[in-house]
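Under the UniProt record's numbering, read the sequence shown as residues 1 to 1172, first letter to last. Everything on this sheet refers to the single structure shown next.
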Amino acid sequence: MKVEELVIDGFKSYSVRTVITNWDPQFNAITGLNGSGKSNILDAICFVLGITNTSALRAQNLQDLIYKKGQAGVTKASVTITFDNTDKEASPVAYKNDPKISITRKVSVDSPNSANTKYLINGRKATQKEVANLLQSVQLNINNPNFLIMQGKITKMLNMKPTQILSLIEEAAGTKSYEAQRDSSEKIIKKKDSKLDSIRETLSVQVEPKLAELAKQTEVVFEYRNKVAEKDQYSQILEAFEYQKSLETLNELSSPLEESEQKAESLKKAAQNYENQIEKLVNDINNIKQNSQSNDSELLKVLEASEKSLINDLTRLKTSKDLKNENIEELNHSIKAKETEIACIQKSIESQKNKFDKVQTEFLKEEENLKSFKELLERKEDLLSTLSTGVSSKGSTDAGYASQLREANKKLSETKTLIEQDRIKIRHLQSDLDPNKLNEHKKTLSNFSDEISRRTQNCEKIREQLRKSGFDKTEYNNLKKEEESLIQQLDTRNRYLQDFVRQDSRFDFTYENPTADFNRNSMKGLCGELFDLPEKNIRTATALEVCAGYKLFNVVVDTERTGSLILEKGRLRKRVTIVPLNKITSRVVRPEILNEAKRQAPEKVELALNLVEYEDSVKKAIEFVFGNKLICEDPETAKKVTFNDRIRTGSITLEGDNYDPEGRLSGGSRRTSSSLISKFAKYKALKDDVTKIRYRLDEISNILREMNHVAEQNRDIQQNLDAEEYHINLLNKKLIESNSAKYVQFFENTTEKVQGLKKSIEVNDNKISNIENEIAEINKDIEEFNSDGSKKLRELEEEVKRMSVDLKKQEKALARRRVDFNEEKVKNDDAVVDIETLKGEIAKLQEEIPEVKRSTEEDETKILKKQVELDAVSEKIQIEKERTAGFAEELNQLSAHLQSTRDKLSNSKKEHESYVGKVSSLKHMIKSASSRMKKAVQHYDWITNDNQRLRIIKNNSDIDLDYCEEKIEECESRLAELRSKGADANIIQQADMLKSHAISLESKIKKIEKDKEKIQSTIKKLDQYLKTELNKTYEKVSHDFGETFALLLPGSYAKLVKTDLNGDISKGLEVKVQLGSVWKESLVELSGGQRSLVALALIMSLLQFRPAPMYILDEVDAALDLSHTQSIGQLIKTKFKGSQFIVVSLKEGMFNNANRLFKVRFQDGTSVVTAT
């Protein structure tokens, strides 16, 4: 089946009927400029073939497929594709006699939000499933369209895992359906096993024991049958009498029931009539009440008391809130004070640190010197004692010069040993150091650094290239961050706005666009948000609120047509008053009257309209609200102005008192803490914030969309940048983790250790010099002692005395130093303790603040609720005071008539309920009798025969019915005893049925086991077949893959390799590529074009394994140069002679190989196709 003709009408950019004919049966190419509509031809083919996923057609919904989304007068689209069906061997089974097959799909707009689609096959209406089955029969599977190869599929294949590559081989081999069959067979086996266990359990637990039991029950069957017959005889007699009694009851109750029902219906109508009268009277009374006013109204007193209570509560809550805020301020102040104190203490510690360190150093040094001096003195005293008495001061005889000489020689030997050990360590460490090797590794690291510098420069060049093309990645990231921040702000503002509206539902005005082209600017909004009250006039808020009243919540629109649309189709959630600007008739106080009022009360009166600011577009609405009232400073001014014969204009005081020229005074002093005007200001501010944020989000979205478009156009450059950055990251990692980096680090650490050991040797060398000097000194002392022992003893004795005196002096000096040191240490420790104490106090204060804040927020919530309640009560008081008075006598007469009618209604309802109860009782008795008769008929069908029933009654006229019941109970008791012994009238029949059931179950067991063996055998054969077919497909596709890649990239080779070392193909497959004589470890080592060739070669080898009659390719050569594009075109032309290719390409190397070329251009708002 080959495409012969394509007709596109109203689809996407093809506004008029476009016929594309003379398609080549093998190789067709489509080309054109970007945006000309060439890809829309492929979308049209996919659309008519039945692909339902609109995202695959580059659309969000079906309406997007219609020319300009159905907004340009075109409300439907259709695509017809005609196939040449002359090849009978490749024809669909049901269409072998048709020389051509045409498929049509149409989509039309039913409403602004819905579209309808339908299919035709050869002009006959068809379903999407029929179209799919037709195409699937010729290997065109629209549910898994492998014949459709888009550019994104190449990138997807490059990132596939081994198991995903294996799934491609499975799809090519066609083993997926076999796997589904295998899973289905295994499920059937499980069901068979479950059923087998159930049957065996039934046979062993229920049937076989029951058969054994029935075999023993044969003795009591005859007695059981006699008792059943006896029971039936008495039951017939009893049922005959009961049936006759019920029949007589029905005849007796029919007439009373009919009379009671008629009376109940009559009473019901009378009650309905009374209810209608009551409803009419209530409406009349309500109308009178609405037109009347009661200044002494109980409701008014209740409302005023409620208002007073709410004001007290509000004052108490605000006081509590202020106290808590002051508490928070005090806590914060205390925290700051303690933090300042900590800083001062820390500063003091820092300033005293040098002094403390100096004192500590000097103390420790003197303490160490004193210790050394003591040890020296002890040695001198031991020497003196040993030389004088032969025994040391410690009681040892082994002392004197000989002992000192031995100790010195021992120290000398130990020190030399340490030096030798250090030298051995140095030789061992230096043996691991190789300067030549170090230079090689440093050179390697230097190469890495040079490569990083080179690639960094390349990155900068690529980024500069992207910036010149209009894409700045830094700006893009900043815009994305700003977008995220604005979305969070929008969410917060919307939440605040919703909370505000939730607290006062009067502000809740939402609507839906009544028409698709509705202009939301025609909706001006609530009247209260159309003006601003300047700060200098804020004290007039209460007066302006009284002036406006509920007009503040009127919805202002531009025309009455807009108002009608909103009311009819805007889906409003509550009733609103709509004011069209073009229908408003406003009455504004004349200038001469306003001037006279100002002359009468200078600086104390102003027109309400002049106190607010507004736009000219809503001037009529604001004049309608504020144009006819004066705002006065105080009641005296209001009286003076209102009742002046030359003014005679209504006025309102700053406290909200309303003065009318006719002499009416209403309102009273308003004590609410917040007005509707301030609420409207807050509401407007919140809405303005939301609007500004949305506007900025739209701007950012447009910029990002343009940048994404630029990025898409420069995808290759972006990919190069990503590749360079990836290589830089790898090189930086090598600088740290490579073997060269590790060796250099090892060399440096080892060198450092050698230097440390050399310093230790140097220190020990100095120590040896000191010890040798000490040994020489001891030898000198020995010589002097041997020559003149008494003189040496005297000198030693004097030296000991002198050193003892010096020791005492040093101990006293050290004691003084210790006192100074301890004082400094105590000061420092006290300061540290003070800091920790202050930090603990700060932590407690910081823990207390959230609790106080939380309590403050709760008070704020309560204040808002109380304020809303207070506003509502104030409005009700105002409404109550505005009611007019009068018609009291008429109201009393109507009330009396209403009460009289209600009494009549009550009596009628009581009487009606009495008759309804009587009817219900009669119906229950009739129903009970009918139920008994019906039950009797179910048991004895002869009972409806009057002759037979009456004959039984006549023959047993003197029988006692109680006796019958006793006999029935007696029979039931005996039958129960017999049944407990196993007796049953149906016992023989039951035994036969059980035997038949047992034979049937055994037969089912054999059949299930046989079916199970067949299924298991089939599964085994399927597994072997799957494995064989999968390996065949893998070998064939891998071989074709290698040849195709070699054709596309001469001197190279590619293959599919099993990831499992044991050769198990089920573990997955991976791609291996050879460039020249080198097998690459990963596809990352290839260039972008080489990777695209790998993906295309794999796709071509899969397509070649089981060719479909048609393939659609969309710019698959986008990443290839001209030579490789020509290779792809030649490959299509030579390797796929049995398939028809439709390729969209912008490169001559591709479409020059095509047998048929279609060029697309965009002209006068529509796409035009020409063939060459």
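By construction, the Cβ of each residue, glycine as well, lies at the ideal position given by its N, Cα and C atoms.
Other residues of its chain near G470: CB distance less than 6 Å, five sequence neighbours each side excluded
Working through the sequence shown from its first residue, we reach residue 470 at position 470. Short of 6 Å from the beta carbon of G470, and not among the five residues preceding or following it, lie these beta carbons of its own chain, in chain order: V710.
Supposed contact pair L148 and V107 - C-beta distance, whole angstroms, cut 8 Å
Looking up residue 107 in the sequence shown gives position 107. Looking up residue 148 in the sequence shown gives position 148. No, V107 and L148 are not in contact; Cβ-Cβ is about 20 Å, not under 8 Å.
Under the DSSP definition of a beta bridge, which residues are partnered with F509?
The count along the sequence shown starts at 1 and reaches residue 509 at position 509. Answer by DSSP bridge pairing: none, since F509 is not bridged.
Here's the rule: buried if 16 or more other CB atoms are within 10 angstroms of the residue's CB, otherwise exposed. What is residue 1199?
Examination of residue 1199 is not possible in this model, given that the chain is present from 1 through 1172 alone.
List the endpoints of the continuous beta strand (DSSP E) containing P580.
By one-based count along the sequence shown, residue 580 stands at place 580. It spans 578-580 - the beta strand (DSSP E) in which P580 sits, taken as one unbroken run.
Please report how far the alpha carbon of E869 lies from the alpha carbon of K687, in whole angstroms.
Mapped onto the sequence shown, residue 869 falls at position 869. Mapped onto the sequence shown, residue 687 falls at position 687. Cα to Cα, the separation comes out at about 24 Å.
Once DSSP output is grouped into helix, strand and coil, what is the label at D71?
As a first step, residue 71 must be located in the sequence shown, where it is residue number 71. Here the sequence assigns Gln to residue 71, which means Asp is not the residue at that position. Coil, per DSSP.
Residue range of the unbroken alpha helix (DSSP H) whose run includes I968
As a position in the sequence shown, residue 968 is number 968, starting the count at 1. That run of the alpha helix (DSSP H) goes 961-980.
Proximity to K153 [Cα-Cα], best of L1113, A976, G1149:
Position 153 of the sequence shown holds residue 153. Measuring from the Cα of K153, the nearest candidate turns out to be L1113.
Looking at F500 and Y683, is the spacing between their C-beta atoms short of 8 Å?
Your numbering for residue 683 matches position 683 in the sequence shown. Your numbering for residue 500 matches position 500 in the sequence shown. Yes, the pair counts as a contact, with Cβ atoms nearer than the cut-off.
One question on the structure: do A172 and T1033 come within less than 8 Å of each other, judged by their Cβ atoms?
In the sequence shown, counting from the first residue as 1, residue 172 sits at position 172. In the sequence shown, counting from the first residue as 1, residue 1033 sits at position 1033. Yes, Cβ-Cβ distance for A172 and T1033 is below 8 Å.
Among A1118, S1139, W23, E258, which one has its Cα closest to the Cα of Q713?
Within the sequence shown, residue 713 is the residue found at index 713, counting from 1. Nearest to Q713 by C-alpha distance, out of A1118, S1139, W23, E258, is A1118.
Output the distance between the C-alpha atoms of L250 and S920, rounded to the nearest integer angstrom.
On the sequence shown, position 250 is the one that residue 250 refers to. On the sequence shown, position 920 is the one that residue 920 refers to. One C-alpha to the other measures close to 15 Å.
Span of the alpha helix (DSSP H), counted from its first residue to its last, around T562
Translated into the one-based positions of the sequence shown, residue 562 becomes position 562. Segment 560-569, the alpha helix (DSSP H) holding T562.
Where the alpha helix (DSSP H) through V641 begins and ends:
Along the sequence shown, read from residue 1 onward, the residue named residue 641 stands at position 641. 635-642 is the extent of the alpha helix (DSSP H) around V641.
When you compare only the Cα positions, how much space is there between E798 and N354?
Residue mapping note: residue 798 aligns to position 798 of the sequence shown, counting from 1. Residue mapping note: residue 354 aligns to position 354 of the sequence shown, counting from 1. Looking at the two C-alpha atoms, the distance is approximately 42 Å.
My guess is that Q1016 and I199 are in contact by the Cβ rule of under 8 Å, so how many angstroms apart are they, rounded?
As a working mapping, residue 1016 is identified with position 1016 in the sequence shown. As a working mapping, residue 199 is identified with position 199 in the sequence shown. Cβ-Cβ separation between Q1016 and I199: approximately 19 Å, too far for a contact (criterion under 8 Å).
Cutoff 8 Å: E784 Cβ touching any chain C Cβ
Protein chains in the displayed structure number just one, and chain C is not present.
Helix, strand or coil, according to DSSP, for R646 in the structure here?
What you label residue 646 is simply residue 646 of the sequence shown in a count that begins at 1. It is coil, neither helix nor strand.
In this structure, how does DSSP classify V937 when only helix, strand and coil are distinguished?
Position 937 of the sequence shown, counting from 1, holds the residue named residue 937. V937 falls in the helix class under three-state DSSP.
Please list, in chain order, all residues of the same chain as G1138 whose beta carbon is under 6 Å from its beta carbon, the five residues on each side excluded.
Locating residue 1138 in the sequence shown gives position 1138, counting from the first residue. Around G1138: P1107.
I'd like to confirm the pairing. Which residues does DSSP put opposite I101 in its beta bridges?
For this step, residue 101 is matched to residue 101 along the sequence shown. Per DSSP, F83.
Between the alpha carbons of V546 and D558, how many angstroms are there, rounded?
On the sequence shown, residue 546 is found 546 positions in, with the first residue counted as 1. On the sequence shown, residue 558 is found 558 positions in, with the first residue counted as 1. Cα to Cα, V546 sits roughly 26 Å from D558.
Under DSSP, the alpha helix (DSSP H) around L433 begins and ends at which residues?
Along the sequence shown, read from residue 1 onward, the residue named residue 433 stands at position 433. Neither: L433 is in no alpha helix (DSSP H) and is coded neither H nor E.
Starting from D1011, follow its DSSP beta bridges and name the residues at the other end.
In the sequence shown, counting from the first residue as 1, residue 1011 sits at position 1011. Beta-bridge pairing links D1011 to no other residue.
Counting along the chain, where does the beta strand (DSSP E) carrying Q488 start and finish?
What you label residue 488 is simply residue 488 of the sequence shown in a count that begins at 1. Note, Q488: premise wrong, no beta strand (DSSP E); alpha helix (DSSP H) at 473-503.
Do you know whose CA, among N749, G1068, A831, L1096, lies nearest T163's CA?
Taking the sequence shown and counting its residues from 1, one reaches residue 163 at position 163. Here the closest residue by C-alpha is G1068.
Under three-state DSSP, which class holds S957?
Walking along the sequence shown from the start, residue 957 turns up at place 957. S957: coil per DSSP, three-state reduction.
By DSSP, does T117 sit in helix, in strand, or in coil?
The residue labelled residue 117 in the question sits at position 117 within the sequence shown. Correct three-state label for T117: strand.
Is it right to say D1023 is buried, meaning 16 or more other beta carbons lie within 10 angstroms of its own, or is it exposed?
Along the sequence shown, one-based indexing puts residue 1023 at 1023. Result: exposed.
In angstroms, rounded to a whole number, what distance separates the CA positions of V579 and R1161?
The residue you call residue 579 lines up with position 579 of the sequence shown. The residue you call residue 1161 lines up with position 1161 of the sequence shown. Using only the alpha carbons, I get a separation of about 52 Å.
Mind the definition here: the stretch 534-548 touches the stretch 593-601 only if three or more C-beta pairs lie below 8 Å; say whether that holds.
no
Pull up the distance between the alpha-carbon of G525 and that of Y659, whole angstroms please.
Numbered from its first residue, the sequence shown carries residue 525 at position 525. Numbered from its first residue, the sequence shown carries residue 659 at position 659. In a straight line, the C-alpha of G525 is about 30 Å away from that of Y659.
Contact defined as beta carbons within less than 8 Å: I believe F11 pairs with A44. What is the distance between those atoms, to the nearest angstrom?
Walking along the sequence shown from the start, residue 11 turns up at place 11. Walking along the sequence shown from the start, residue 44 turns up at place 44. With 8 Å as the limit, F11 and A44 qualify as a contact, their Cβ atoms being about 5 Å apart.
Between A998, V7, K125, which lies nearest to Q206 when the distance is taken from Cα to Cα?
Translated into positions along the sequence shown, residue 206 becomes position 206. Of the candidates A998, V7, K125, the one whose C-alpha sits nearest the C-alpha of Q206 is A998.
So for E615, helix, strand or coil by DSSP?
Position 615 of the sequence shown, counting from 1, holds the residue named residue 615. E615: coil per DSSP, three-state reduction.
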